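Notes follow once the structure below has been shown.
In the numbering used here, the protein residues as written are 1162 to 1357.
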């Protein structure tokens, strides 16, 4: 997987460039639809060097990730028969994609939220949502909620605690976001059950 490591370092290279916010926006957009590297690769060094701009970076990641998710949804809805060979060869496996499609049948909200909030590859879910025709309004609402929560929690940590938080986040980010995401989903499911 040398090419993936090269892609990681190529992306990281933009963190100290003068157009790094444009790069962050672009990576946030593409990661939600077809790119393999998450925007945190750029965000972490950018926020560590300028923590008072961390919430602005969070806003950019949230906005462009949702827009990228909409693009992924459109790819799945309109062009899946054309683009699927590329995704199955380079981005995710047929088996993973089929598992995600099954999840959407009964648990669209929970599936999208977990994917949007946690480090699970978001692009699989945005495209699958389009393939199975998940209601578009629900899709946009859940993507916005999940991505905003994820990135603003991350931005808030840098804003209030500065670059010292970077090493902790790099070591624990996946476990922390997965745990919080699952806790929030359990809360949502519990509320649904209580209402019925």
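Glycine included, C-beta positions come from ideal geometry on N, C-alpha and C.
Note that the coordinates shown come from a computational prediction; the quantities given were computed from them, not determined experimentally.
Residue i versus residue j: straight-line alpha-carbon distance, rounded
i: residue 1271; j: residue 1294; result: 16 Å
i: residue 1253; j: residue 1285; result: 7 Å
i: residue 1241; j: residue 1184; result: 27 Å
i: residue 1188; j: residue 1257; result: 23 Å
i: residue 1186; j: residue 1323; result: 22 Å
i: residue 1193; j: residue 1313; result: 17 Å
i: residue 1279; j: residue 1273; result: 10 Å
i: residue 1287; j: residue 1265; result: 11 Å
i: residue 1251; j: residue 1228; result: 22 Å
i: residue 1177; j: residue 1207; result: 7 Å
Three-state secondary structure (DSSP) of residue i
i: residue 1294; result: coil
i: residue 1285; result: helix
Selected residue, minimal CA-CA separation from residue i, among the options
i: residue 1182; options: 1311, 1244, 1280, 1216; result: 1216
i: residue 1316; options: 1221, 1172, 1171; result: 1221
i: residue 1326; options: 1196, 1281, 1205; result: 1205
i: residue 1199; options: 1281, 1255, 1180, 1267; result: 1281
Extent of the continuous alpha helix (DSSP H) run through residue i
i: residue 1205; result: 1201 to 1210
i: residue 1190; result: 1181 to 1192
Check: residue i C-beta below 7 Å from any heavy atom of the ligand ATP
i: residue 1231; result: This structure lacks the ligand ATP; in fact it carries no ligand of any kind.
*Could you name each continuous alpha helix (DSSP H) segment of 4 residues or more that falls completely within the stretch 1238 to 1283, going from the start of the chain to the end?*
1241 to 1251, 1255 to 1267, 1269 to 1278
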